[in-house]
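What follows is one structure encoded as structure tokens, with my remarks underneath.
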Amino acid sequence: MKFGKTASIFFIFITLVYFLTGIGAKSQKIVRLAGSTAFLPFAEKLAEHYMKTNKDITVDVQGGGSAVGIMVATEGIVDIGMADMLSLPKETDSLEKVVVARDGIAIIVNLGNPLTNLTLNDLTQVFSGKVKEWKEIGVNLSGQIRVISREEGSGTRKSFDQLILKSARLTTDAMFQDSNGTIREAVKSDPNSIGYISIGFLDSTVKAISVNGIVASNENVILDTYKISRPVYFLFKQNPTPETKNFIQFILGKEAQKIIAADGLIPVVKI
Amino acid sequence: MKYYKEIIIEKCIKLVAMSTISILILIIFFIFRQGVPFLVKYGLPNFILGQKWLPQENIFGILPMIIGSLWVTIGALIIGVPIGVACAIYLVEFSGKHTKLFFKPAIELLAGIPSVVYGFIGIMVLAPFIRSNFGGSGLSVLTASIVLGIMILPTIVSISIDALSTVPLSYKEGSIAMGATNWQTIVMVLLPAARSGILAGVILGMGRAIGETMAVIMVTGNSLKIPSSALDSTRTMTSNIALEMGYALGDHRAALFATAVILFIFILLLNIITMTVIKSKKTR
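Those protein sequence lines, which keep their order, are chains A and B. Each residue of the first sequence is one higher than the one before, counting from 1 in this note's numbering. Each residue of the second sequence is one higher than the one before, counting from 1001 in this note's numbering.
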């Protein structure tokens, strides 16, 4: 009974706060963003930064994934849709597109794995399941290769499929994790596994392997020697509102690009 | 005056009760409206017997996930039910008052732990343990069964305790007076007498196991293959929905709703089967 009372008071409070803030926000100009979960933390940080200097504008950032970002941008539900995939689908033809950052994808293995380098072709073989044992690609490690991939629909997954698997299919033995962090965690604890994560998520608990002899690093992505990377797109309708335009200009500015670079993504403007 | 008050309060309570049911009906309506058109278009047999799930190529078969859900749920029951019932027997029959006062809330506290925490412990502690002792990747049906078995313990224990304590004392006294040992009394008198209550606890536990999502996503590895052993990775229907809903559009999205429809029918069937089992045993 006591719980019920507290709960209802809490509920009413939340509703009140929701309505009050909702009414308060109406007097301000809003720029709405939604999409890519990979870029979400960056967008939130940048929005916060932007709102500090532009007090009359509210930047509202939501996730949902790249596919959702594309959908809401085409339908005009948000001002800017965020998508982080290699090639955008046809629905986006009518939209304006701007690349605001790039993201390298590193191939990672367990620290106990002696592997240091693979060719692109080897990678295709491993991830499509044509090679099943570590010994078959000359790695001194007993047992099967355990491939860990991202779930269907993730921007990282789509880009990875296009770059590595090309026309081949991911092996049916593959396991799936739904974020960079959980893939890293799984690879960290399983000596036989191989997975892929954003370069920004690399740390000392896993080992990133070189591809065709090139180390997976942001520098090499900028130099265009490390080929496994993807762009982060901002999608918006033609003739955007001045607020939207201003925000995109801010994102492409030096200050914002510095923030992007500091947290592990690759800036598109020289800083 | 007092009379009107009564009526108003009665109507209000009725309204509240109705709103609970209407929420249920709304949920069912929404899921079916989104999922059924897809099922009709794609064909129910293709959908539930298909072994491949390739949304990119418009191939939607959820047989691996149906089997995955079944394996994981059965595994959780195999681990959770004996422990849960044994625990309840101990607390009702053998433990002292103080032990009971400590144990019962402690077990119920298990229910308050968020499932993501269970998943985290599963992936950090249990998975490496299983990998190094049994082989496989560690993210497997077995790991999920153990984690879920622990998660359904509080439900099974507390409902079994209630069922066992409501067995009239005279049953026990009669059995002991006939010369039965304590153990014989428990197995032959108490457990059969409390059977329907214990089964109710098992059904509720099963419902929780089959519906659990977060912990399962973290510890099963989510592979799309039909598991051939308890050490294989698998994907359940709930994990499939949660993993892909964030990105899915069009047919893919509809297919996920259709998965929810199948899951719903599944849980309904399981409940009906267990209910009839309980009833038929009661009348015998």
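Think of the CB as a built atom: it goes at the ideal place given N, C-alpha and C, for glycine as much as any other residue. For clarity, every value in this text was computed on a predicted model and none was experimentally measured.
Nearest-angstrom Cβ-Cβ length linking residue 1199(B) and residue 1274(B), presumed shorter than 8 Å:
7 Å between Cβ atoms; contact.
Cβ-Cβ separation, residue 1047(B) to residue 1054(B) (assumed contact under 8 Å), whole Å:
Taking C-beta atoms under 8 Å as the contact rule, residue 1054(B) and residue 1047(B) fail to qualify, at a distance of about 13 Å.
Could you round the C-beta distance between residue 143(A) and residue 200(A) to whole angstroms and report it? I think they count as a contact, below 8 Å.
Going by Cβ atoms, the distance from residue 143(A) to residue 200(A) rounds to 30 Å, so no, they are not a contact pair.
If you count every other CB in all the chains shown that lies within 10 Å of the CB of residue 113(A), and 16 or more means buried, which is it?
Residue 113(A) should be labelled buried.
For the beta strand (DSSP E) containing residue 195(A), name the first residue and the last one.
Element bounds for residue 195(A): 193-198.
Can residue 123(A) and residue 107(A) be called in contact, C-beta distance under 8 Å?
Contact flag set, yes.
Just the C-alpha distance for residue 1072(B) and residue 243(A), rounded to the nearest angstrom, thanks.
Taking the Cα positions, residue 1072(B) is about 51 Å away from residue 243(A).
Report the rounded CA-to-CA distance for residue 159(A) versus residue 100(A), giving the unit in angstroms.
Whole-angstrom Cα-Cα distance: 17 Å.
Please classify residue 1003(B): is it buried, with 16 or more other beta-carbons within 10 angstroms of its beta-carbon, or exposed?
The Cβ neighbour count for residue 1003(B), taken over all protein chains shown within 10 Å, is under 16; the residue is labelled exposed.
Helix, strand or coil at residue 1267(B) [DSSP, three-state]:
Here residue 1267(B) sits in helix by DSSP.
Limits of the beta strand (DSSP E) - the one that residue 234(A) falls within
Looking at the DSSP string, the run of the beta strand (DSSP E) that includes residue 234(A) is 229-236.
What residues are listed by DSSP as bridge partners for residue 106(A)?
Beta-bridge partners of residue 106(A) (DSSP): 197(A).
Are residue 1122(B) and residue 1080(B) touching if we call contact CB-CB under 8 Å?
With a cutoff of 8 Å on beta-carbon distance, residue 1122(B) and residue 1080(B) are scored as not near each other.
Does the beta carbon of residue 152(A) come closer than 8 Å to any beta carbon on chain B?
The beta-carbon of residue 152(A) is placed less than 8 Å from the nearest beta-carbon of chain B.
Is residue 173(A) helix, strand or coil when you go by DSSP?
In the structure shown, residue 173(A) sits in coil (DSSP, three-state: anything other than H, G, I, E or B).
Would you list the one or two residues that DSSP bridges to residue 97(A)?
According to DSSP, residue 97(A) bridges with 235(A).
Proximity to residue 170(A) [Cα-Cα], best of 189(A), 47(A), 182(A), 148(A)
Looking at 189(A), 47(A), 182(A), 148(A), the one whose alpha-carbon comes closest to that of residue 170(A) is 148(A).
Nearest chain B C-beta to residue 25(A) closer than 8 Å, yes or no?
Reliability fails at residue 25(A), whose pLDDT of 48 lies under 50, so the model's placement of it is uncertain and the value that follows must be treated cautiously. For residue 25(A), the closest Cβ of chain B is not nearer than 8 Å.
Return the residue from the list 1124(B), 1234(B), 1056(B), 1105(B) that minimises the CA-CA distance to residue 1142(B).
It is 1234(B) whose Cα lies nearest to the Cα of residue 1142(B).
Rounded to whole angstroms, what's the CA-CA distance from residue 1145(B) to residue 1077(B)? Just pull it up for me.
C-alpha of residue 1145(B) to C-alpha of residue 1077(B): approximately 8 Å in a straight line.
Between residue 62(A) and the rest of its own chain, which residues show a CB-CB distance below 6 Å, the 5 nearest in sequence each way excluded?
Closer than 6 Å at the Cβ level, and outside the excluded window around residue 62(A), lie 34.
Judging by CA-CA distance, which residue of 1278(B), 1070(B), 1231(B) is the nearest neighbour of residue 1196(B)?
In terms of Cα proximity to residue 1196(B), the closest of 1278(B), 1070(B), 1231(B) is 1278(B).
Cβ neighbour criterion (16 or more within 10 Å) applied to residue 24(A)
Residue placement at residue 24(A) is flagged as unreliable, the pLDDT there being 47, under the threshold of 50; the coordinate-derived value follows with that caveat. Per the 10 Å Cβ criterion, exposed.
Quick check: residue 46(A) and residue 236(A), are their CB atoms within less than 8 Å of each other?
Not a contact, by the Cβ cut-off of 8 Å.
How would you write the range of the beta strand (DSSP E) that residue 1225(B) sits in, first residue to last?
Taken as a continuous stretch (DSSP letters only), residue 1225(B) belongs to no beta strand (DSSP E), as it is neither H nor E.
What does residue 184(A) reach in chain B if we use C-beta pairs closer than 8 Å?
Here the premise fails: no neighbours, minimum Cβ distance about 12 Å.
Hey, quick one: how far does the beta strand (DSSP E) through residue 1235(B) stretch, first residue to last?
Careful: residue 1235(B) lies outside any beta strand (DSSP E) and carries neither H nor E.
Give me the Cα-Cα distance between residue 230(A) and residue 1068(B), rounded to the nearest whole angstrom.
About 34 Å.
Helix, strand or coil: which one does DSSP assign to residue 116(A)?
In the three-state scheme derived from DSSP, where H, G and I count as helix and E and B as strand, residue 116(A) is classed as coil.
Is the CB of residue 1304(B) under 8 Å away from at least one CB in chain A?
Within the shown structure, residues of chain B are numbered from 1001 to 1284, placing residue 1304(B) beyond reach of any answer.
Taking the alpha carbon of residue 1155(B) as the reference point, which residue from 1131(B), 1186(B), 1207(B) has its own alpha carbon closest?
For the options 1131(B), 1186(B), 1207(B), the alpha carbon positioned closest to that of residue 1155(B) is the one of 1207(B).
Using the three-state DSSP reduction, which class does residue 267(A) fall into: helix, strand or coil?
Secondary structure at residue 267(A): strand, using DSSP grouped into helix, strand and coil.
I want to see whether chain B comes within less than 8 Å of residue 230(A), judged by CB atoms only; does it?
Put simply, the CB of residue 230(A) is far from chain B, with every gap to its CB atoms at 8 Å or more.
Kindly give me the distance between the Cβ atoms of residue 1042(B) and residue 1030(B), rounded to whole angstroms, as I take these residues to be in contact under 8 Å.
Between residue 1030(B) and residue 1042(B) the Cβ distance is about 19 Å, and since that is not below 8 Å, they are no contact.
Is there contact here, the stretch 240-260 of chain A with the stretch 72-89 of chain A, by at least three beta-carbon pairs under 8 Å?
Yes, the stretch 240-260 of chain A is in contact with the stretch 72-89 of chain A.
Can you find at least 3 beta carbon pairs, one from the stretch 177-190 of chain A and one from the stretch 1130-1142 of chain B, that sit closer than 8 Å?
Contact between the stretch 177-190 of chain A and the stretch 1130-1142 of chain B is present, because at least three Cβ pairs lie under 8 Å.
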